[in-house]
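In what follows, a single structure is set out as structure tokens and then discussed.
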Amino acid sequence: MLWDSIDFLRVWLSMLVLFLAAPLCLAQGPHSGDPLLRAGLGFVRACLFAEVVGLLLGYFGLCLPGSMTSAYLLSAVLSMWWSGRLYRLSSWWRASSSQLLRSCEDPVTGREDLTACAANLLESRWRLLSEARPAAWIPIVTASAASLIVFTVALSHTRFLTAQTYTRALSLQKLILGGDSPPDGSVAFLAPVAMLAGLSGATVIRFSNPILCVILGIAAFLACRRLTGSRAAAWIASGLTPLVAVVQQGELQAAGVSSILWLLAIAVWPISRRDAVLAGAGALLIQFIPDFGTLAIVGVPYGLTVLERCSRWAPATVRRAAACIAGLLMLGMMQVTAHRLPADGPFQYEAAARAADRIRREFRTNTWLIISPGQEVALIYGRGWHLELSNFVNSHTIEQVSLPGFRFQYPVVDTFIFVEKEPLVTDQLSLGLQYLRQPFDPVVASYHLRLNRASLHFRAARLISAYRQTHSVETFYEDPRFAVFRIRTQSE
Amino acid sequence: MHGSIPSCLAPPADGTPWAPPLDAADVVIRLEAAGVTDAVARRDYGAQGIWNLAESCLASQSSIPSRRKKPPAAWFLGEYLKGVSFAVPLLLCSLAMIWFRYSLWGGNVSADMAGAAGLGTIASFIVAGGFVHAMAQRGLFFQGVLDNATAEAVCRRWTRYAAACLALTGLLFVAFSRFYDFLAFPFDLVAAGFHLILGLLWLGTGILHMLERNLWSAAATAAGILIVVLLHQSGIAALVIAQFLGLAAATALTFAICHVMLRRRRGKDTPRQVTLAADIYYSWPHFLYGALYYALVFSDRLLSWTVPDTGSGTSVQFRGDYETALDIALVGFILQVGIVRPCGNRFFHHLSTVQDSLKAGEHIEFVSRMKRAYWATSFRITLFMLTTSVCLWILAWRLPLGDVKLLPLTLIGAIVGNALLVFALWNTSLLFRLSQPVAVVNAIAIGVGADLATGYLATRLGSYPDAVLGFVIGTLLFALLSTFSISKRLQSLDYYHFSAAA
Numbered sequence: 020m021l022w023d024s025i026d027f028l029r030v031w032l033s034m035l036v037l038f039l040a041a042p043l044c045l046a047q048g049p050h051s052g053d054p055l056l057r058a059g060l061g062f063v064r065a066c067l068f069a070e071v072v073g074l075l076l077g078y079f080g081l082c083l084p085g086s087m088t089s090a091y092l093l094s095a096v097l098s099m100w101w102s103g104r105l106y107r108l109s110s111w112w113r114a115s116s117s118q119l120l121r122s123c124e125d126p127v128t129g130r131e132d133l134t135a136c137a138a139n140l141l142e143s144r145w146r147l148l149s150e151a152r153p154a155a156w157i158p159i160v161t162a163s164a165a166s167l168i169v170f171t172v173a174l175s176h177t178r179f180l181t182a183q184t185y186t187r188a189l190s191l192q193k194l195i196l197g198g199d200s201p202p203d204g205s206v207a208f209l210a211p212v213a214m215l216a217g218l219s220g221a222t223v224i225r226f227s228n229p230i231l232c233v234i235l236g237i238a239a240f241l242a243c244r245r246l247t248g249s250r251a252a253a254w255i256a257s258g259l260t261p262l263v264a265v266v267q268q269g270e271l272q273a274a275g276v277s278s279i280l281w282l283l284a285i286a287v288w289p290i291s292r293r294d295a296v297l298a299g300a301g302a303l304l305i306q307f308i309p310d311f312g313t314l315a316i317v318g319v320p321y322g323l324t325v326l327e328r329c330s331r332w333a334p335a336t337v338r339r340a341a342a343c344i345a346g347l348l349m350l351g352m353m354q355v356t357a358h359r360l361p362a363d364g365p366f367q368y369e370a371a372a373r374a375a376d377r378i379r380r381e382f383r384t385n386t387w388l389i390i391s392p393g394q395e396v397a398l399i400y401g402r403g404w405h406l407e408l409s410n411f412v413n414s415h416t417i418e419q420v421s422l423p424g425f426r427f428q429y430p431v432v433d434t435f436i437f438v439e440k441e442p443l444v445t446d447q448l449s450l451g452l453q454y455l456r457q458p459f460d461p462v463v464a465s466y467h468l469r470l471n472r473a474s475l476h477f478r479a480a481r482l483i484s485a486y487r488q489t490h491s492v493e494t495f496y497e498d499p500r501f502a503v504f505r506i507r508t509q510s511e
Numbered sequence: 113m114h115g116s117i118p119s120c121l122a123p124p125a126d127g128t129p130w131a132p133p134l135d136a137a138d139v140v141i142r143l144e145a146a147g148v149t150d151a152v153a154r155r156d157y158g159a160q161g162i163w164n165l166a167e168s169c170l171a172s173q174s175s176i177p178s179r180r181k182k183p184p185a186a187w188f189l190g191e192y193l194k195g196v197s198f199a200v201p202l203l204l205c206s207l208a209m210i211w212f213r214y215s216l217w218g219g220n221v222s223a224d225m226a227g228a229a230g231l232g233t234i235a236s237f238i239v240a241g242g243f244v245h246a247m248a249q250r251g252l253f254f255q256g257v258l259d260n261a262t263a264e265a266v267c268r269r270w271t272r273y274a275a276a277c278l279a280l281t282g283l284l285f286v287a288f289s290r291f292y293d294f295l296a297f298p299f300d301l302v303a304a305g306f307h308l309i310l311g312l313l314w315l316g317t318g319i320l321h322m323l324e325r326n327l328w329s330a331a332a333t334a335a336g337i338l339i340v341v342l343l344h345q346s347g348i349a350a351l352v353i354a355q356f357l358g359l360a361a362a363t364a365l366t367f368a369i370c371h372v373m374l375r376r377r378r379g380k381d382t383p384r385q386v387t388l389a390a391d392i393y394y395s396w397p398h399f400l401y402g403a404l405y406y407a408l409v410f411s412d413r414l415l416s417w418t419v420p421d422t423g424s425g426t427s428v429q430f431r432g433d434y435e436t437a438l439d440i441a442l443v444g445f446i447l448q449v450g451i452v453r454p455c456g457n458r459f460f461h462h463l464s465t466v467q468d469s470l471k472a473g474e475h476i477e478f479v480s481r482m483k484r485a486y487w488a489t490s491f492r493i494t495l496f497m498l499t500t501s502v503c504l505w506i507l508a509w510r511l512p513l514g515d516v517k518l519l520p521l522t523l524i525g526a527i528v529g530n531a532l533l534v535f536a537l538w539n540t541s542l543l544f545r546l547s548q549p550v551a552v553v554n555a556i557a558i559g560v561g562a563d564l565a566t567g568y569l570a571t572r573l574g575s576y577p578d579a580v581l582g583f584v585i586g587t588l589l590f591a592l593l594s595t596f597s598i599s600k601r602l603q604s605l606d607y608y609h610f611s612a613a614a
């Protein structure tokens, strides 16, 4: 739990730097007085930049920390040069360095200058905070409450809830390792976050969900406020939109992420059409063909606009009270939804995902191998090796492994075998071949057909049992339904 | 009234070099420098003014033969040997490597350990390099004005700051490594340890190089190697521990020698008060140059070692075959770089000869002759480098390298890059003596940028031996830009020479 919280903090700080602090520092062009709208504009530009750079570099297999850092530095320098701030920066540097030299000459004056500088900085920050209207905090508080719920879900769920999320996590990890697979638009903008946070693709996907929920809530607030001019309606939108985005699958998908940009496009249209168009372009890069989910999410502010127009006859106090009640109801619904999520599945036991995460953290890179169904690949890609359980059971026999002289020929120090003592049964696993999705994949079929899955785990358990009679096997993790066995295949 | 020639115009009695005045203006300058004004000329020498006095003295002065400091017969060779003397400790390490299969660093260690030690070594060069150059610039300046006490104080101050910076960067590296899982424990600590101890050793050897006592560095290195051999061969300590102890001993010995020598030179003088601001103001280009120089030399290695390898257990992989090619080319570099010192000295000796032979108004002729001298020396240097490079290439294929594979393209790249680097250093030595360090910093900064960009793209799109392409491009740009800078200064050499002397 502690390491998970630290990881969340790393993701949160990285997103704060890349999508808020950096664009606000480099911002130019039309400025709105509203800090939320300014932050939204910054997010649009930063997100589009990260997306385009991630996709371009990923296309050449160059989406690596060095090239990404160079791209950011180059764009910062170009942006400052374009706005004429590069010259001001060099003047500032000259003035500061001479100030520094003077401070070196006379430490007393230097200390006084430093104190005055710090006092000025604090005063300006305090002024900024004190000038912000209390109303500006309402959507942040609402969206944060919603995201807290999603965060607790993320903290208690190391596994993912949808097949798309596993694919996205694997795509992001391949992208930041300079893989040559085609880049996935729904994760490319997270590549710099993963690099700055120094975390794997799976961890970034897992913990960026709650943060993106907050951003989605704020984007919905801005869009709804722009459409209705009513803060109460906007407040409801800020809670309802993340709820719509996650209620079906429990996780934010590409539709949710692209909706952020669509909603921001609606919000910034009156002040900067260029940024609105850019936001639309970014949304299309993330999800080229908007699906029903996107339409549903983006439709929330429009639906609320219609409701707001219809309820104009009611007094303002009544409308505000109704908005408060609606907001609380939505949070309650989210809480209920979160609690109704199953403890395991739909694709793996939670214990399996936690075991894979623990192995990834505790053991040295590429000195270990996990033998399990395919879901663990997304969690460990780039840190260790993986072998399909079906390959393992098909390439060994009980007679073979029970011989005292037998050794597994894996060039790693440790081999971990994941065995479901009680095979996982969920709605996602099919009863027959006719229920499997097209195109047919024999590897997927091994795990997604209930009988096949049970057979594989049973055979794996028998192999380990036979091997254990003549060799040393350590139980790395065990509960009534699932176990992980550790075999030392080589000395370090 | 003296009624004779002022004593300030007479050749010095101690036999130091002296030249007769070029014209009346030169005599006036010499007189004014000695405090002879119009009033003094009228009162003490019975002349109408200083110009009359100068004209009356000129005829007798022109007939006195000039006294020059003639270079000894073996001057060039001696200077060349001094130029390569910095490499004696390196030579000792190489000998130890051949003999014992290990040295003060390196040896038959695991790939992870080799990567960590290599990373620490490179980092120590880059971080300590800036301090060593800045310290040497300030120290040599005070030595030049015979203020050895202040030179010592400046060295001590820069050493203190460098040690603090080395410790801080080492800690930052460990923190970075832990955060980004760059090097596994305990390799991150090994890298930081090598970074700190080697950095301190470079500072000590830098001071000894400044004092022109490179043989003492060699002695300290030999003592360090001896300790490593004793501790490791007797089984008292593992190789890395023995290397740490040997390095610590060599560093301590180097600083002890520095302390004694600086104290001896200082005598009973007290240092003058030199503020840190003055130190920073005068030496920041030298500091940057020192750091950038080592960045240029080592960035290709860093790029080669950090090529992503999903099958590897660590982010840094020491590339033995790449290193072998670079080490062979390094021998050529040491042999070639020795020529920079005598050529630079000869160039400025020639400059003073030309200057003495021409009148003050003949600056066009002066510039033209010095330009010819520059290009002639450059041609000779190029010829020397070509010869040594070809010899090295032929010899490299006859070396008994055992199982180690020699990468031909890397070897060619490293030999060419080193030759270009030597040419750039020749230009750099002239620019530094003309007090134009910023021009050098600009040239080398662009070179480092090109090295990093080209090497990065080459290694990430190709494979790790392609990193040498970055080195070649970087050194080529450094050589071209420094040649451009010096050519520009040569157009007005008279101005730059006199302003540097001032």
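Here the protein sequences line up with chains R and C, keeping their order.
Counting from 1 along the first sequence, just add 19 to a position and that's the residue number in this note's numbering.
Counting from 1 along the second sequence, just add 112 to a position and that's the residue number in this note's numbering.
All C-beta atoms, glycine included, are put in the ideal place defined by N, C-alpha and C.
Predicted model only: the values in this text are computed from it and were never measured.
Residue-level contact by beta carbon holds for residue 423 of chain C and chain R, with a gap shorter than 8 Å. Non-local C-beta neighbours of residue 419 of chain C in its own chain, meaning closer than 6 Å and more than five positions away in sequence, comprise 571, 576, ordered along the chain. Pairing residue 578 of chain C with residue 414 of chain C, the inter-Cα distance amounts to about 12 Å. At a cut-off of 8 Å between C-beta atoms, residue 85 of chain R counts as an interface residue with respect to chain C. The three-state secondary structure of residue 398 of chain C, taken from DSSP, is helix. By the criterion of a C-beta distance shorter than 8 Å, residue 421 of chain C is surrounded in its chain by 429, once the five residues flanking it on both sides are discounted. Measuring C-alpha to C-alpha distances from residue 379 of chain R to each of R/434, R/328, R/42, R/363 identifies R/434 as the nearest.
With contacts defined as CB atoms closer than 8 Å, residue 243 of chain R and residue 313 of chain R fail to qualify as a contacting pair. Under DSSP, residue 391 of chain R takes part in a beta bridge, and its partners are R/407.
By the Cβ-count criterion, residue 297 of chain C is exposed, with fewer than 16 other Cβ atoms from all chains shown falling within 10 Å of its own Cβ. Non-local C-beta neighbours of residue 328 of chain C in its own chain, meaning closer than 7 Å and more than five positions away in sequence, comprise 320, 369, ordered along the chain. Taking a Cβ-Cβ cut-off of 7 Å, residue 520 of chain C has no neighbours in chain R, whose nearest Cβ is about 27 Å from it. Short of 6 Å from the beta carbon of residue 538 of chain C, and not among the five residues preceding or following it, lie these beta carbons of its own chain, in chain order: 452, 493. Per DSSP, the unbroken beta strand (DSSP E) holding residue 493 of chain R starts and ends at 493-497. Every unbroken stretch of the alpha helix (DSSP H) spanning 4 or more residues and falling wholly within the segment 546-573 of chain C is given here in chain order: 549-573. In this structure, residue 489 of chain R lies away from residue 391 of chain R, with their beta-carbon atoms at least 8 Å apart.
Where residue 477 of chain C is concerned, the enclosing alpha helix (DSSP H) starts and stops at 475-508. Among the bridge pairs identified by DSSP, residue 256 of chain C is matched with none. For residue 401 of chain C, no chain R residue has a Cβ inside 9 Å of its Cβ, as the nearest lies near 17 Å away.
The alpha-carbon of residue 288 of chain R is positioned some 13 Å away from that of residue 57 of chain R. CA-to-CA, the gap between residue 359 of chain C and residue 339 of chain C works out to about 9 Å. In the three-state reduction of the DSSP assignment, residue 431 of chain C falls in the coil class, being assigned neither a helical nor a strand state.
The DSSP-derived three-state label of residue 366 of chain R is coil. At least one CB atom of chain C sits nearer than 8 Å to the CB of residue 385 of chain R.
Boundaries of the beta strand (DSSP E) harbouring residue 434 of chain R: 433-439, taken from the DSSP string. Annotation: the continuous alpha helix (DSSP H) that includes residue 353 of chain C extends over 351-378. Residue 527 of chain C and residue 490 of chain C do not touch by the CB rule: their CB atoms are close to 19 Å apart, not below 8 Å. Bridge pairing for residue 503 of chain R: R/437, R/496 [DSSP].
Between residue 181 of chain R and residue 272 of chain R, the beta carbon gap of about 7 Å places them in contact (Cβ cut-off 8 Å). In the three-state DSSP reduction, residue 179 of chain C falls in the strand class (E or B). Neighbours of residue 468 of chain C in chain R, taken as residues at a C-beta separation under 8 Å, are lacking, since the least C-beta distance is about 40 Å.
Within chain C, the residues 389, 392, 393 have their CB atoms less than 7 Å from the CB of residue 120 of chain R, given in chain order. Following the DSSP letters along the chain, one finds residue 163 of chain C inside the alpha helix (DSSP H) bounded by residues 162-174. Per the coordinates, the alpha-carbon of residue 533 of chain C lies some 47 Å from the alpha-carbon of residue 405 of chain R.
Under the Cβ criterion of 8 Å, residue 608 of chain C is not counted among the residues facing chain R. Using a Cβ-Cβ cut-off of 8 Å, residue 406 of chain C does not count as an interface residue toward chain R, since no Cβ of chain R sits closer than that to its own.
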